[in-house]
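Written below as structure tokens is the structure these notes are about.
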Amino acid sequence: MEERKKALVVGMAKSGIGAAKLLCRHGYHVIINDQKAHIPGLDEALAGYQVEDRLGEDPATLLAGVDMLVPSPVIPLSTPFIRKARAEGVEIVPEIELGYRHAAADFVCITGTNGKTTCTALTGALFKAGGFHTFVLGNIGVAITEHAEQTRPGDVIVAETAALQLEGCTRFHARAAACCNITPDHLDHFGTMDNYIAAKCKVFLNQTVRDFAVLNYDDPEVRAMYTLTPATCLYFSRREEVPEGMFVRDGMLIYRRGGADLPLMRAADIRIPGGHNLENAMLSALLALAMGVSLDAVRGTLRTFPGVEHRIEFVRELDGVAYINDSKGTNPASTIRAIEAMTRPAVLLLGGYDKHLDFHELFHALRGRVRALVILGATREQLLRTAAECGMLELCHTADTFREAVELARALARPGDAVLLSPASASWDMFDNFEQRGRVFKEIVNGFTHSA
Numbered sequence: 190m191e192e193r194k195k196a197l198v199v200g201m202a203k204s205g206i207g208a209a210k211l212l213c214r215h216g217y218h219v220i221i222n223d224q225k226a227h228i229p230g231l232d233e234a235l236a237g238y239q240v241e242d243r244l245g246e247d248p249a250t251l252l253a254g255v256d257m258l259v260p261s262p263v264i265p266l267s268t269p270f271i272r273k274a275r276a277e278g279v280e281i282v283p284e285i286e287l288g289y290r291h292a293a294a295d296f297v298c299i300t301g302t303n304g305k306t307t308c309t310a311l312t313g314a315l316f317k318a319g320g321f322h323t324f325v326l327g328n329i330g331v332a333i334t335e336h337a338e339q340t341r342p343g344d345v346i347v348a349e350t351a352a353l354q355l356e357g358c359t360r361f362h363a364r365a366a367a368c369c370n371i372t373p374d375h376l377d378h379f380g381t382m383d384n385y386i387a388a389k390c391k392v393f394l395n396q397t398v399r400d401f402a403v404l405n406y407d408d409p410e411v412r413a414m415y416t417l418t419p420a421t422c423l424y425f426s427r428r429e430e431v432p433e434g435m436f437v438r439d440g441m442l443i444y445r446r447g448g449a450d451l452p453l454m455r456a457a458d459i460r461i462p463g464g465h466n467l468e469n470a471m472l473s474a475l476l477a478l479a480m481g482v483s484l485d486a487v488r489g490t491l492r493t494f495p496g497v498e499h500r501i502e503f504v505r506e507l508d509g510v511a512y513i514n515d516s517k518g519t520n521p522a523s524t525i526r527a528i529e530a531m532t533r534p535a536v537l538l539l540g541g542y543d544k545h546l547d548f549h550e551l552f553h554a555l556r557g558r559v560r561a562l563v564i565l566g567a568t569r570e571q572l573l574r575t576a577a578e579c580g581m582l583e584l585c586h587t588a589d590t591f592r593e594a595v596e597l598a599r600a601l602a603r604p605g606d607a608v609l610l611s612p613a614s615a616s617w618d619m620f621d622n623f624e625q626r627g628r629v630f631k632e633i634v635n636g637f638t639h640s641a
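Counting in this note's numbering, the final residue of the sequence shown is number 641, and the numbers go up one at a time with none missing.
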């Protein structure tokens with residue numbers, strides 16, 4: 190009798206759970222591991238699956254006889270136990286590549302630093318409106334391995350693919366792939382911008398001449414990615430006309446293909462607000478049109494798509510103050526986009542987990558746009574130093590807890606202002622993820638009552 194293959198899954202968040210279940214279904218002896226010795230809800234998530242529980246142990250001691258290692262995307266590939274596994278001939282497979290190997294659908298992938306989640310949700314809505322059987326998966330919150338085996342030829346998986354997920358891919362292939370933009374992020378993981386960009390570029394891995402790449406013409410790093418793929422390249426721009434793709438002329442979105450210019454719709458008719466969302470809409474529309482979604486389906490969806498939770502999400506207005514949840518703002522460039530979308534003076538909640546990012550550009554962008562800053566989290570001292578260097582320390586207030594920060598922001602805001610949660614930092618110092626941070630913000634805000 191042939192011996193069962195053995196797989197080690199390290200990191201038991203959503204992607205690890207999905208990978209463990211898929212591998213069990215394919216007959217692997219699955220070892221699960223995490224730095225935590227106990228994870229609430231894990232037993233329920235894996236109910237009905239037989240796994241070897243080695244939570245809390247050093248993964249380097251679990252490699253004997255292992256054929257495949259599926260590490261969490263947050264674990265750098267330079268980590269000693271991964272280097273040891275590679276040296277011992279263990280196949281190292283990222284969760285998204287594992288899902289790809291077991292999916293029959295075409296992959297339509299979105300990467301970039303900011304805008305991925307909105308673009309992924311919008312692209313999914315466009316494909317659904319176009320009549321495609323569509324799965325919206327990946328970094329948006331649903332592991333690809335959870336649904337890969339349910340797909341059939343002709344289906345589409347629209348996947349948000351972060352650099353952390355793409356880094357170790359070798360066989361992954363996207364039928365259509367897009368990059369929103371590139372700004373510094375996750376430097377605690379990648380060490381250098383070159384490494385970060387190289388991981389992003391893996392979204393174009395293994396593309397052929399029959400595939401599509403959608404690139405931001407206004408971002409020099411992204412625009413240059415046309416050299417990395419033989420696919421048909423389509424560009425989008427807010428600033429100028431592009432050779433092939435989409436741009437704005439006299440307030441109208443123009444779709445240019447094969448020398449013909451087709452008016453799509455007025456830019457002002459796109460429901461989601463802000464110049465950054467105009468870019469998101471063009472990227473998503475190009476992916477959909479390239480893959481056969483009709484112009485009418487694209488127009489209708491862009492007019493009605495409401496946006497995504499945690500991304501410039503209106504929560505409520507109370508005592509003349511609007512409360513906006515932008516918990517997805519996990520780096521400075523993302524927070525700059527949120528501030529630029531504000532039509533009111535803002536009291537900004539800033540700070541969180543330290544990803545070794547620079548905040549000087551952020552403070553320059555905040556000048557004249559914020560009434561006050563409430564600073565908290567692991568990046569608090571760095572943010573205060575940067576504020577002082579930029580001459581903005583007098584606007585800064587600090588808080589020790591998240592609730593204290595939200596309540597302080599309310600006290601500082603005046604009628605006509607907005608209280609904006611857009612921390613320019615990840616959430617992991619106080620929360621499990623940015624979604625939890627956003628939900629807690631909304632719970633606190635929705636618990637406020639009118640001032641006397």
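All residues carry an ideal CB built from backbone N, CA and C; glycine is no exception.
So, is Gln396 buried or exposed, given that buried needs 16 or more other C-beta atoms within 10 angstroms? buried
Could you give the C-beta distance for Cys200 and Val263, rounded to a whole number, given that I count them as a contact under 8 Å? In the sequence as displayed, the identity of residue 200 is Gly instead of Cys. The pair is a contact, with the Cβ atoms about 7 Å apart (cut-off 8 Å).
Which residues mark the beginning and the end of the beta strand (DSSP E) in which Met454 is found? Ala449 to Arg455
Quick one: what's got a C-beta closer than 6 Å to Ser640's C-beta in the same chain, skipping five residues either side? Asp508
Return the residue from the list Ala202, Phe324 and Asp450 that minimises the CA-CA distance to Glu433. Out of Ala202, Phe324 and Asp450, Asp450 has the C-alpha closest to the C-alpha of Glu433.
Helix, strand or coil for Ala413 per DSSP? helix
CB Ile285 to CB Cys358, shorter than 8 Å? yes
Between the C-alpha atoms of Phe296 and Ala363, what's the straight-line distance to the nearest angstrom? 5 Å
As a quick exercise: from Pro229, Ala249, Met257 and Ala226, pick the residue whose alpha carbon is nearest that of Arg193. Nearest to Arg193 by alpha-carbon distance, out of Pro229, Ala249, Met257 and Ala226, is Met257.
Roughly how many whole angstroms lie between the Cα atoms of Glu335 and Val411? 31 Å
Just the C-alpha distance for Cys318 and Thr490, rounded to the nearest angstrom, thanks. It is Ala, not Cys, that sits at residue 318 in the sequence shown. Distance between the alpha carbons of Ala318 and Thr490: 7 Å.
Is it right to say Met190 is buried, meaning 16 or more other beta carbons lie within 10 angstroms of its own, or is it exposed? Per-residue confidence for Met190 stands at a pLDDT of 45, beneath the threshold of 50, marking its modelled position as unreliable; the derived number appears in the next sentence. It counts as exposed.
Roughly how far, in whole angstroms, is the beta-carbon of Asp374 from the beta-carbon of Lys544, given that I think they are within contact range, below 8 Å? Going by Cβ atoms, the distance from Asp374 to Lys544 rounds to 7 Å, so yes, they are a contact pair.
Per DSSP, which residues does Thr334 bridge with? Please list them. Paired residue(s): none; Thr334 is not in a bridge.
Is Asp377 helix, strand or coil by DSSP? helix
Rounding to the nearest angstrom, what Cα-Cα distance links Ala577 and Asp515 in this structure? 25 Å
Is it right to say Asp458 is buried, meaning 16 or more other beta carbons lie within 10 angstroms of its own, or is it exposed? exposed
Nearest-angstrom beta carbon gap, Ala348 and Gly327 [assumed within contact, 8 Å]: 4 Å
Do His553 and Cys585 have their C-beta atoms within less than 8 Å of each other? no
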